[in-house]
Amino acid sequence: MDNVAAKTTTAIQATDLGKRYGSFWALKDCNIVVPRGSVTALVGPNGAGKTTLLKLLVDLSSPSAGSATVLGMTPNQSSGYLSEIGYLAQEIPLYSQMTVEKHLAMGAHLDTNWDNGLAVSRLKELKIPMGRPVGKLSGGQRAQVGLALALAKKPKLLLLDEPVAALDPLARVEFLTSLAQAATDAGGELTVVMSSHLLADLERVCDHLILLAAGETQLCDSIEHIIATHKLLVGPRNEATSSPGYSIIKETHAVNETNLLVRLNDKNFRSSSRWHVHDANIEDIVLAYMEQAKQEGDER
Amino acid sequence: MNWLVWRQHRKQFIALAIILGVYATLAIPIGLHFWRTYQQALTTCGRTNTCDQLSSMLFQSGSDSNLNPSLPGGGVNIVVLLVLALPFLLGMFVGVPLIAREYDKGTNLLVWTRSISRRRWLTAKLLWILVATAVFAGAFAVLTTWWSKTGNTLYANRFDTLKFDLQGIAPVTYAVFAVSLGIMLGTWLKRIMVAIGIMLVVLLALQITVGAFLRPHYATPLTVTASITQGALDAKLPSDAWVVSRNFVDQHGTVSSHPFDLPDWPPRCQALANQDQAPVISGHKAGPADIDNCLTAAGYHQTAKYQPRYRYWNFQRIEAGIYLGLTVLAVATTYWLVLKRDA
Numbered sequence: 005m006d007n008v009a010a011k012t013t014t015a016i017q018a019t020d021l022g023k024r025y026g027s028f029w030a031l032k033d034c035n036i037v038v039p040r041g042s043v044t045a046l047v048g049p050n051g052a053g054k055t056t057l058l059k060l061l062v063d064l065s066s067p068s069a070g071s072a073t074v075l076g077m078t079p080n081q082s083s084g085y086l087s088e089i090g091y092l093a094q095e096i097p098l099y100s101q102m103t104v105e106k107h108l109a110m111g112a113h114l115d116t117n118w119d120n121g122l123a124v125s126r127l128k129e130l131k132i133p134m135g136r137p138v139g140k141l142s143g144g145q146r147a148q149v150g151l152a153l154a155l156a157k158k159p160k161l162l163l164l165d166e167p168v169a170a171l172d173p174l175a176r177v178e179f180l181t182s183l184a185q186a187a188t189d190a191g192g193e194l195t196v197v198m199s200s201h202l203l204a205d206l207e208r209v210c211d212h213l214i215l216l217a218a219g220e221t222q223l224c225d226s227i228e229h230i231i232a233t234h235k236l237l238v239g240p241r242n243e244a245t246s247s248p249g250y251s252i253i254k255e256t257h258a259v260n261e262t263n264l265l266v267r268l269n270d271k272n273f274r275s276s277s278r279w280h281v282h283d284a285n286i287e288d289i290v291l292a293y294m295e296q297a298k299q300e301g302d303e304r
Numbered sequence: 000m001n002w003l004v005w006r007q008h009r010k011q012f013i014a015l016a017i018i019l020g021v022y023a024t025l026a027i028p029i030g031l032h033f034w035r036t037y038q039q040a041l042t043t044c045g046r047t048n049t050c051d052q053l054s055s056m057l058f059q060s061g062s063d064s065n066l067n068p069s070l071p072g073g074g075v076n077i078v079v080l081l082v083l084a085l086p087f088l089l090g091m092f093v094g095v096p097l098i099a100r101e102y103d104k105g106t107n108l109l110v111w112t113r114s115i116s117r118r119r120w121l122t123a124k125l126l127w128i129l130v131a132t133a134v135f136a137g138a139f140a141v142l143t144t145w146w147s148k149t150g151n152t153l154y155a156n157r158f159d160t161l162k163f164d165l166q167g168i169a170p171v172t173y174a175v176f177a178v179s180l181g182i183m184l185g186t187w188l189k190r191i192m193v194a195i196g197i198m199l200v201v202l203l204a205l206q207i208t209v210g211a212f213l214r215p216h217y218a219t220p221l222t223v224t225a226s227i228t229q230g231a232l233d234a235k236l237p238s239d240a241w242v243v244s245r246n247f248v249d250q251h252g253t254v255s256s257h258p259f260d261l262p263d264w265p266p267r268c269q270a271l272a273n274q275d276q277a278p279v280i281s282g283h284k285a286g287p288a289d290i291d292n293c294l295t296a297a298g299y300h301q302t303a304k305y306q307p308r309y310r311y312w313n314f315q316r317i318e319a320g321i322y323l324g325l326t327v328l329a330v331a332t333t334y335w336l337v338l339k340r341d342a
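These protein sequence lines map, in sequence, to chains S and P.
Counting in this note's numbering, the first sequence tops out at residue 304, every number present.
Counting in this note's numbering, the second sequence tops out at residue 342, every number present.
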């Protein structure tokens, strides 16, 4: 099975994946493809199903609809599957009474491909006190311990659920630097999916983006391609805005101009001379989609 | 995995070992003291021909199956209560938090995403904890059975709740079941305090139900019948029997626990029972003995149902079987919850 997985270039493929709690769909019609070796940002407003999706991928919960294939396998609880996946849960749960050292010992006892030297050198470099109970560490240090525990498994896929949400800006930068370094060191052997609602952070390390909103996949592509296919159009007020060349994601009006954020349907789209085309940044694009999804949700 | 279980639960294991040590240092000297006192009394009672009354004389109070707490090295009753509470304490402090704490702190997400299957993780945890509980409760029961030797010899009914529930193999299975029930409820509810509350109620209700309503029926009781005469029934019952019921039966076969509740007294016996008009029979006023004779002549008798002492170990095995069966249910439910339910 490993061979088949190694040959494919896809780390994660989800087809119509959904999770229902009672009558509420926490995640619905999720269709994503994550290429191997990518660092993918999983973004979306709170309650968009980011945590649910990550849990489904590591079989901490089972899908109500659709299916997922991860490294060529269906997520399951076997040792063979779990040893390929590094997972860092939201709020970074650790045994607060246990020291950093003992956490590493736990990894050595429970993980098949455990690389103790890697974990020790990472944490020593960050000057994290190895003999201290993790309950007495700062949030940033705890996050680094969590990351070291996930990385020392030598996973092929690393899933991180809001790892920087609770960190101060400095710790956040340090964490993301560690993560970027780890991805670089792995040289394309490691695929990372990291959820967050802090867009600016993700741009620093990610090359792909999945946007979940209103329980559905809004975007799933490389950031480069997303930027290439989305433009900001500025033109006169009171002019018809629709065009077969693009789909409007967001429309705003000022006193005498109209701003459109559009997704180009036609690569060779040329606007009329009265409209100016600007590049949009990823943050604007993501926000526009989130607003759109929210409006649709409200209308429903 | 063994490393992690030891790491996480060593404080509990050490605490159990200490409790066992304390109990042993209490139980062994007291048990020896009782046994020596009894042996000395046996050698002296032969001379005065009072060995029959030994039980009532030896520890000043023979009324209770318990050994007298006013003895030197006393406080025995409190210890007995503690031993009785042991399954409850184990369920609270060992069983419920085992998995509920992991859910509570979110660490289940950490440990369930190591390279070990959830099934192996659970099996290691359950094996260690349940085996440790069995060893601990087993040592407790052995000590309790041993120190109760004097009491068991003197006060013969070994089915008494304060003996049956504390000695032999049944109490070991109470403890193992209590812990497995605690684990299951903690896993199910994910909240320690709520799970403890429910566990205590369920366990108490179960112990009462089994002890009071199921245990007397593990085997069909034996029956003895005797005349109405005072003491006639006791004379026929073995002194070490567990008497399940005593009844009076009238000439029609109507059964009641008290003779006066029987509806259809013969008029002449009725007259004897009526104190004001009681006739004088051969020089004295009619008394209870005359009533007994009258009723016997009318076809009345008494009957008792009892479990003989030789069934004691059989009953222990049956009760242990019931609790082990319930343990299997609790463990199976725990597996289902951990493996099939969303984390």
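Ideal Cβ placement from N, Cα and C applies to all residues, glycine included.
Just so you know, these numbers come straight off a predicted model, no measurement behind them.
Check: Does any residue of chain S bring its CB to less than 8 Å from the CB of Ile-115/P?
Finding: The sequence position of residue 115/P within the second sequence is 116, counting from 1. Chain S, which has a Cβ nearer than 8 Å to the Cβ of Ile-115/P, makes this yes.
Item checked: Neighbour list for Thr-106/P in chain S, Cβ cutoff strictly below 8 Å -> Indexing the second sequence from 1 puts residue 106/P at position 107. Going along chain S in sequence order, the residues near Thr-106/P (Cβ under 8 Å) are Pro-97, Leu-98 and Tyr-99.
Next item on the list: Could you tell me which chain P residues have their CB closer than 8 Å to the CB of Gln-81/S, listed as they occur along the chain?
Entry: On the first sequence, residue 81/S is found 77 positions in, with the first residue counted as 1. Here the neighbours are Trp-111, Ser-116, Arg-117, Arg-118 and Leu-338.
Item checked: chain P contacts from the stretch 104-117 of chain S (Cβ-Cβ distance under 8 Å) -> Lys-106, Ala-109, Met-110, Gly-111, His-113, Leu-114, Asp-115, Thr-116 and Asn-117
Check: What are the partner residues of Met-77/S, as DSSP defines its beta bridges?
Finding: Stepping through the first sequence from its first residue, residue 77/S is reached at position 73. Val-74/S, per the DSSP bridge assignment.
Check: Relative to the alpha-carbon of Val-21/P, which residue among Leu-142/P, Trp-120/P and Leu-221/P has its alpha-carbon at the smallest distance?
Finding: Within the second sequence, numbered from 1, the residue matching residue 21/P stands at position 22. Ranking the options by Cα distance to Val-21/P, first place goes to Leu-142/P.
Item checked: Residues that DSSP places opposite Asp-283/S in a beta bridge -> Reading the first sequence from its first residue, position 279 is the one you call residue 283/S. DSSP lists Lys-235/S as partners of Asp-283/S.
Check: Looking at the structure shown, is Leu-221/P part of a helix, part of a strand, or coil, going by DSSP?
Finding: Within the second sequence, the letter at position 222 stands for residue 221/P. If DSSP states are grouped into helix, strand and coil, Leu-221/P belongs with the strands.
Check: Who does Trp-29/S pair with in a DSSP beta bridge?
Finding: Start at 1 with the first residue of the first sequence, and residue 29/S comes out as number 25. Arg-24/S.
Margin query: Would Leu-183/S and Val-290/S qualify as a contact pair, given that the criterion is a beta-carbon distance under 8 Å?
Written below: By one-based count along the first sequence, residue 183/S stands at place 179. By one-based count along the first sequence, residue 290/S stands at place 286. Cβ distance not < 8 Å, so Leu-183/S and Val-290/S don't count as in contact.
Check: Hey, is Asp-103/P's beta-carbon within less than 8 Å of any beta-carbon in chain S?
Finding: The residue you call residue 103/P lines up with position 104 of the second sequence. Not one chain S Cβ lies under 8 Å of Asp-103/P.
Check: Is it right to say Arg-274/S is buried, meaning 16 or more other beta carbons lie within 10 angstroms of its own, or is it exposed?
Finding: Locating residue 274/S in the first sequence gives position 270, counting from the first residue. Exposed, because fewer than 16 other Cβ atoms sit within 10 Å of the Cβ of Arg-274/S.
Margin query: If I measure Cβ to Cβ from Met-91/P and keep anything under 6 Å in the same chain, skipping five residues before and after, which residues do I get?
Written below: As a working mapping, residue 91/P is identified with position 92 in the second sequence. So the list reads Ile-195, once near-sequence residues are dropped.
Next item on the list: Return the chain-ordered list of same chain residues with a C-beta closer than 8 Å to the C-beta of Asp-263/P, the five sequence neighbours on each side being excluded.
Entry: What you label residue 263/P is simply residue 264 of the second sequence in a count that begins at 1. Cβ neighbours of Asp-263/P beyond the five flanking positions: Asp-249, Gln-250, His-251 and Thr-253.
Check: Is there at least one Cβ from chain P nearer than 8 Å to Leu-64/S's Cβ?
Finding: Numbered from its first residue, the first sequence carries residue 64/S at position 60. Answer yes: the Cβ-Cβ gap between Leu-64/S and chain P drops below 8 Å somewhere.
Checklist line | is_contact[Arg-190/P, chain S] using C-beta, thresh 8 Å | finding: Translated into positions along the second sequence, residue 190/P becomes position 191. Chain S contact via Cβ: absent.
Checklist line | For Ile-27/P: DSSP bridge partner residues | finding: For this step, residue 27/P is matched to residue 28 along the second sequence. Partner(s): none; Ile-27/P has no beta bridge.
Item checked: Chain-order list of residues whose beta-carbon lies under 6 Å from that of Trp-279/S (same chain, five-residue window excluded) -> Counting from 1 along the first sequence, the entry for residue 279/S is found at position 275. Once the five neighbours on either side are set aside, the close Cβ partners of Trp-279/S are Leu-237 and Gly-239.
Notebook entry, point to check: According to DSSP, what are the bridge partners of Met-192/P?
Noted result: Here residue 192/P is taken as the residue at index 193 of the second sequence, counted from 1. In DSSP, Met-192/P forms no bridge with anything.
Item checked: Reference Asp-270/S; option with closest CA among Asn-50/S, Leu-171/S and Ser-247/S -> Here residue 270/S is taken as the residue at index 266 of the first sequence, counted from 1. Nearest option by C-alpha distance: Ser-247/S.
Check: Nearest-angstrom Cα distance between Asn-107/P and Leu-98/S?
Finding: Taking the first residue of the second sequence as 1, we reach residue 107/P at position 108. Taking the first residue of the first sequence as 1, we reach residue 98/S at position 94. In a straight line, the C-alpha of Asn-107/P is about 9 Å away from that of Leu-98/S.
Margin query: Just to confirm the assignment, what range does the alpha helix (DSSP H) spanning Ser-251/S have?
Written below: Taking the first sequence and counting its residues from 1, the one referred to as residue 251/S is at position 247. Counting along the chain, Ser-251/S falls outside any alpha helix (DSSP H), though it belongs to the beta strand (DSSP E) covering 250-257.
Margin query: Which residues does DSSP list as the beta-bridge partners of Leu-304/P?
Written below: Counted from its first residue, the second sequence places residue 304/P at position 305. It should be pointed out that residue 304/P corresponds to Lys in this sequence rather than to Leu. According to DSSP, which records beta bridges pairwise, Lys-304/P is partnered with Thr-222/P and Ser-244/P.
Next item on the list: Between the Cα of Val-79/P and those of Trp-111/P, Gln-166/P, Gln-269/P and Gly-137/P, spot the shortest distance and give me the residue it belongs to.
Entry: For this step, residue 79/P is matched to residue 80 along the second sequence. For Val-79/P, the nearest C-alpha among the options comes from Gln-166/P.
Checklist line | Any chain S beta carbon closer than 8 Å to Leu-31/P | finding: Mapped onto the second sequence, residue 31/P falls at position 32. Chain S contact via Cβ: absent.
Item checked: Limits of the beta strand (DSSP E) - the one that Asn-263/S falls within -> Start at 1 with the first residue of the first sequence, and residue 263/S comes out as number 259. Start and end: 261-268.
Checklist line | Chain-ordered chain S contacts of Met-0/P [CB-CB under 8 Å] | finding: Locating residue 0/P in the second sequence gives position 1, where the first residue counts as 1. Near Met-0/P (Cβ distances below 8 Å), the residues of chain S are His-113 and Leu-114.
Next item on the list: Below 7 Å between beta carbons is the criterion; list the residues of the stretch 136-163 of chain S that meet it against any residue of chain P, in chain order.
Entry: Lys-157
Notebook entry, point to check: Based on Cα-Cα distance, which residue from Ser-226/S, Thr-245/S, Ala-175/S and Asn-80/S lies nearest to Thr-44/S?
Noted result: Locating residue 44/S in the first sequence gives position 40, where the first residue counts as 1. Here the closest residue by C-alpha is Ser-226/S.
Check: Beta carbon of His-234/S, beta carbon of Ala-284/S: below 8 Å?
Finding: The residue labelled residue 234/S in the question sits at position 230 within the first sequence. The residue labelled residue 284/S in the question sits at position 280 within the first sequence. Cβ atoms of His-234/S and Ala-284/S: closer than 8 Å.
Notebook entry, point to check: Using DSSP with H/G/I as helix, E/B as strand and the rest coil, what is Gln-17/S?
Noted result: Counting from 1 along the first sequence, the entry for residue 17/S is found at position 13. Residue state, collapsed to three classes: strand.
Item checked: Residue-level contact to chain S via CB, Arg-9/P, 8 Å cutoff -> In the second sequence, the residue the question calls residue 9/P occupies position 10. No, no contact with chain S.
Check: Out of curiosity, what's the CA-to-CA distance linking Ile-29/P and Lys-148/P?
Finding: Position 30 of the second sequence, counted from the start, is the residue given in the question as residue 29/P. Position 149 of the second sequence, counted from the start, is the residue given in the question as residue 148/P. Straight-line Cα distance between these residues: approximately 11 Å.
Notebook entry, point to check: Interface residues of chain P around Lys-32/S at Cβ under 7 Å?
Noted result: Counting from 1 along the first sequence, the entry for residue 32/S is found at position 28. In chain order: nothing, as chain P lies at least about 16 Å away.
Notebook entry, point to check: Measuring CA to CA, which of Lys-304/P, Asp-239/P and Pro-170/P is closest to Ala-84/P?
Noted result: Within the second sequence, numbered from 1, the residue matching residue 84/P stands at position 85. Measuring from the Cα of Ala-84/P, the nearest candidate turns out to be Pro-170/P.
Margin query: For the beta strand (DSSP E) containing Glu-220/S, name the first residue and the last one.
Written below: Within the first sequence, residue 220/S is the residue found at index 216, counting from 1. First-last of the beta strand (DSSP E) with Glu-220/S: 220-226.
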